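**Student:** Numbering (our numbering), first residue to last: 8 to 408.
Built from N, CA and C at the ideal position, the CB exists for glycine as well.
Owing to the predicted nature of the structure, the values given are computational and were not obtained by experimental measurement.
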Ligand code: TGC
Ligand code: FAD
């Protein structure tokens, strides 16, 4: 409704109620292009993802039928330039992640891995021949990637990795194992980080290479609509053409993690918004003690607190995105945002589950599905403790890992 001329501030404010999921109107800070991108992904989520995701979560299957639609919208490698990629800005990528995770963390995970953990290192550290051969097919969703860093003996300390690659003539022989690998048994190509005589290097391991096997991890309580696998390498012969030449050392995989953690900081906003939206409806329509549940002080305080946490997380994500676009992003800022926003989303999802009462444990409602997913999201890409210690190291200059 347009405000009438001469209206007092109070009357103008009363005429324009705030969006309960965006109390500080963060959307008004977006460009026209960013809003269009958000809206088109939101449509995909509403029309194609939400109707099927519960079934996939229950069946423990990944909805592969979505891959062509995600590719058609340009969501794979969305921030990369050239090679069939859309070349979008960091905030647009954040909004894409937010909308996808409003559907389910599994779908955002799938896109994060393809974009930030697989296409990004090929684009940044690969040869021209590797880029030409792999990136266009990955952007079209015809070739799916996975990223192997974590090992069975402990993921928080990747510097201690055991997987190694020994020189064998002009080639390498790769041996070891990776665990908890998203897309692992679906992928046609795995970016595998291994120690060599020169330091840690990235290897492009292709499905079907002799000695390479991927085994799906079943019976997860979390991210059930995502494929997670263990990878095994038994003297896999890797030609020199499949080594990423542009980086040596832990900074290779850690730089990819910065990209993916950035996307997660936005993605989890979507999960929290989905939970809060459903809870707001529920507390209005459920009547207890002769009044709507929403008309209780204790409920309103909890709703207000969720809105406070969501709003601050939204503003944090947007500023993180603008810093990234200006080339001023520091990994410590990404750690703080990943920690804060994952914690916010997990706490909101748990609290929404609680305020739905018994209905909260039903698959008819979204909070418990998001809550279970977010237990993985707060763990992968660096646990909450790892990000707290990264911020502590920045503040003190002392390494406590
Ligand atoms: P540290 O001494 O800090 O660093 C070693 C070298 O790396 C450089 N570096 C970075 N470079 C680029 N970007 C970053 N973000 C970087 N962070 C560090 C650093 O400058 C140094 O370079 P150089 O040239 O001096 O050698 O290393 P550290 O051993 O002390 O480790 C630090 C720590 C603990 C933070 C790191 O190991 C860590 O982040 N651990 C957590 C591991 C983790 O997050 N794993 C995630 C696996 S992938 C995943 O979970 C995918 S889920 C996907 C999905 O489904 O969405
Ligand atoms: P550990 O490193 O063994 O940590 C165990 C506990 O110790 C944690 O609570 C941790 O915070 C704490 N801890 C560790 N160090 C310290 C310390 N110094 N001080 C205090 N506490 C500490 N990895 C990939 O490489 N690729 C993927 O695609 C991928 N996808 C994943 C998908 C899912 C669903 C999950 C659950 C994980 C995935 N991971 C992936 C692995 C993930 O990154 C690791 O689980 C994570 O990094 C933690 O490693 P960990 O499980 O070995 O736990």
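Check residue 8 in the structure and name its three-state DSSP category.
**Tutor:** Below a pLDDT of 50, predicted positions are generally treated as unreliable, and residue 8, at 37, falls in that range; the measurement from the model is reported next regardless. Three-state result, residue 8: coil.
**Student:** I believe residue 207 touches residue 155 by the beta-carbon criterion, under 8 Å. Please report the beta-carbon distance rounded to the nearest angstrom.
**Tutor:** Contact doesn't hold; Cβ gap of about 12 Å is too wide.
**Student:** Decide if the stretch 87 to 98 is in contact with the stretch 61 to 78; the criterion is three or more beta carbon pairs, one per stretch, under 8 Å apart.
**Tutor:** No, the stretch 87 to 98 is not in contact with the stretch 61 to 78.
**Student:** Would you give the residue range spanned by the alpha helix (DSSP H) that residue 44 belongs to?
**Tutor:** Unbroken alpha helix (DSSP H) run through residue 44: 39 to 51.
**Student:** Does residue 116 pass the burial test, meaning 16 or more other C-beta atoms within 10 Å, or should it be called exposed?
**Tutor:** Buried, since its Cβ has 16 or more Cβ neighbours within 10 Å.
**Student:** Taking only the alpha-carbon atoms, compute the straight-line gap between residue 174 and residue 200 and give it to the nearest angstrom.
**Tutor:** Approximately 15 Å, taken between the alpha carbons.
**Student:** Hey, how far is the Cα of residue 205 from the Cα of residue 113?
**Tutor:** Distance between the alpha carbons of residue 205 and residue 113: 36 Å.
**Student:** Should residue 408 be counted as a contact of ligand 2 given a C-beta to heavy atom distance under 7 Å?
**Tutor:** At least one heavy atom of ligand 2 is nearer than 7 Å to the Cβ of residue 408, so yes.
**Student:** Between the alpha carbons of residue 164 and residue 328, how many angstroms are there, rounded?
**Tutor:** Cα-Cα distance, rounded: 27 Å.
**Student:** Got a sec: does ligand 2 put a non-hydrogen atom nearer than 7 Å to the Cβ of residue 229?
**Tutor:** Yes, ligand 2 has a heavy atom inside 7 Å of this Cβ.
**Student:** How many Å lie between residue 356 and residue 265 at the Cα?
**Tutor:** Near 25 Å, if we compare the C-alpha coordinates of residue 265 and residue 356.
**Student:** Just the Cα atoms here: how many angstroms apart are residue 401 and residue 337?
**Tutor:** Rounded to the nearest angstrom, the two C-alpha atoms are 10 Å apart.
**Student:** Do the stretch 95 to 108 and the stretch 130 to 146 touch if we need at least three Cβ pairs shorter than 8 Å?
**Tutor:** Judged by Cβ distances under 8 Å, the stretch 95 to 108 makes no contact with the stretch 130 to 146, as fewer than three pairs qualify.
**Student:** Count Cβ pairs between the stretch 340 to 359 and the stretch 375 to 390 that sit closer than 8 Å; are there 3 or more?
**Tutor:** These segments touch.
**Student:** Could you give the distance in angstroms between the alpha-carbon of residue 9 and the alpha-carbon of residue 368?
**Tutor:** Note on residue 9: pLDDT 43, under 50, position unreliable in the model; the coordinate value appears next. Each residue's Cα considered, the two are about 42 Å apart.
**Student:** Which first and last residues belong to the alpha helix (DSSP H) in which residue 358 is found?
**Tutor:** Counting along the chain, the alpha helix (DSSP H) containing residue 358 begins and ends at 338 to 362.
**Student:** With a threshold of 6 Å on Cβ separation, who are the neighbours of residue 259 within its own chain once the five nearest residues in sequence on each side are excluded?
**Tutor:** Same-chain partners within the cutoff: 209.
**Student:** Beta carbon of residue 132: closer than 7 Å to some heavy atom of ligand 1?
**Tutor:** Incorrect: residue 132 has no Cβ contact closer than 7 Å to ligand 1.
**Student:** Here's a check: name, in chain order, each residue in its chain whose Cβ is nearer than 6 Å to the Cβ of residue 67, leaving out the five neighbours to either side.
**Tutor:** 231, listed in sequence order.
**Student:** Do residue 314 and residue 344 have their C-beta atoms closer together than 8 Å?
**Tutor:** Not a contact, by the Cβ cut-off of 8 Å.
**Student:** Any idea what DSSP makes of residue 280, helix, strand or coil?
**Tutor:** Here residue 280 sits in helix by DSSP.
**Student:** Expressed to the nearest angstrom, what Euclidean distance is found between the alpha-carbon atoms of residue 304 and residue 102?
**Tutor:** So the two alpha carbons sit approximately 33 Å from each other.
**Student:** Rounded to whole angstroms, what is the Cα-Cα separation between residue 289 and residue 396?
**Tutor:** Going from the Cα of residue 289 to the Cα of residue 396 covers about 39 Å.
**Student:** Under three-state DSSP, which class holds residue 92?
**Tutor:** If DSSP states are grouped into helix, strand and coil, residue 92 belongs with coil.
**Student:** Helix, strand or coil: which one does DSSP assign to residue 130?
**Tutor:** The answer is helix: DSSP assigns residue 130 an H, G or I state.
**Student:** Cα separation between residue 385 and residue 36?
**Tutor:** For residue 385 and residue 36, the distance between alpha carbons rounds to 28 Å.
**Student:** Cα separation between residue 429 and residue 347?
**Tutor:** There is no way to answer for residue 429, as the model of the chain reaches only from 8 to 408.
**Student:** Taking 8 Å as the limit between beta carbons, can you name the residues of its chain near residue 61, skipping five residues before and five after?
**Tutor:** For residue 61, where only same-chain residues beyond five positions count, the Cβ hits under 8 Å are 370 and 376.
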